[in-house]
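Here is the structure we will look at, set down as structure tokens.
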Amino acid sequence: MNKKIIAIPLSILLTLGLMETASATGTVNFKGNLAGSVCTIDVNNTGQDSSNIDLGTIEANTLSTVGATSPAVNFKVNMTGCPSGYSSFQFQFSGDEYASTGDFAVSHGEDDGIVIELKDSNGSQISPNTPIQVAAPASSDAKIELPFTANIRSTKGEAAVGQFVMATNISVLYE
Numbered sequence: 017m018n019k020k021i022i023a024i025p026l027s028i029l030l031t032l033g034l035m036e037t038a039s040a041t042g043t044v045n046f047k048g049n050l051a052g053s054v055c056t057i058d059v060n061n062t063g064q065d066s067s068n069i070d071l072g073t074i075e076a077n078t079l080s081t082v083g084a085t086s087p088a089v090n091f092k093v094n095m096t097g098c099p100s101g102y103s104s105f106q107f108q109f110s111g112d113e114y115a116s117t118g119d120f121a122v123s124h125g126e127d128d129g130i131v132i133e134l135k136d137s138n139g140s141q142i143s144p145n146t147p148i149q150v151a152a153p154a155s156s157d158a159k160i161e162l163p164f165t166a167n168i169r170s171t172k173g174e175a176a177v178g179q180f181v182m183a184t185n186i187s188v189l190y191e
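Just so we're aligned, residue 17 is where the sequence shown starts under my numbering, counting upward by one.
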């Protein structure tokens with residue numbers, strides 16, 4: 017009788033072992049590049065890689081029509097000390113995208129009808145998490161200057177009163 021009691025648990029363990037060998041498999045490949053150095057980021061000539069861009073105080077009633085904008089504020093991102101030997105860089109701002117416009121969503125509680133609109137020096141829209149192609153400098157001591165503008169844009173024809181915030185990280189990929 018003891019043999020039967022032991023045999024049943026052993027058969028369960030053997031069945032579990034069979035289930036383990038029948039599991040699915042997959043592959044994860046990790047890749048990257050080793051660079052001798054990376055670009056130093058300087059936002060708005062502050063000597064820092066992070067900065068606050070103040071869009072000012074905007075009267076909510078000036079955003080009472082869909083598409084109305086606040087005055088644009090200029091800012092620059094400079095890159096120095098970039099590694100040589102690359103043909104180009106991909107520069108991008110991360111962030112949450114306001115789906116219907118491709119602009120940057122703001123943190124202000126619920127959807128309050130405003131977005132942050134970023135544009136490059138040509139006036140072209142910059143969307144979150146979308147790479148911008150930047151030519152590599154001829155030498156590592158060259159300075160790459162990227163001018164941008166930022167403003168508020170109304171998406172609903174009304175804007176809730178209060179503070180707003182939009183945080184973004186900058187990333188540079190070397191090609």
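Note that CB positions come from ideal geometry on N, CA and C, so glycine has one too.
Under the 8 Å Cβ criterion, the stretch 126-136 does not count as touching the stretch 93-106, having fewer than three qualifying pairs. For a cut-off of 8 Å, the C-beta gap from Ala175 to Ala76 is around 5 Å, short enough to register as a contact. Tyr190: member of the beta strand (DSSP E) spanning Ile186 to Tyr190, first to last residue.
Listed in chain order, the non-local C-beta contacts of Ser137 below 7 Å within the same chain comprise Pro163, local neighbours out to five positions each way being set aside. If you look at Thr56, you'll find it in the beta strand (DSSP E) that goes Thr56 to Val59. The beta carbons of Lys92 and Asn45 sit no closer together than 8 Å. Judged by DSSP in its simplified three-state form, Asn45 adopts coil rather than helix or strand.
According to the DSSP assignment, Ile130 belongs to the beta strand (DSSP E) that extends over Ile130 to Asp136.
By the criterion of at least three beta-carbon pairs nearer than 8 Å, the stretch 152-161 is not in contact with the stretch 66-75. The beta-carbon distance between Ser67 and Val59, rounded to whole angstroms, is 4 Å. This is short enough to meet the 8 Å contact definition.
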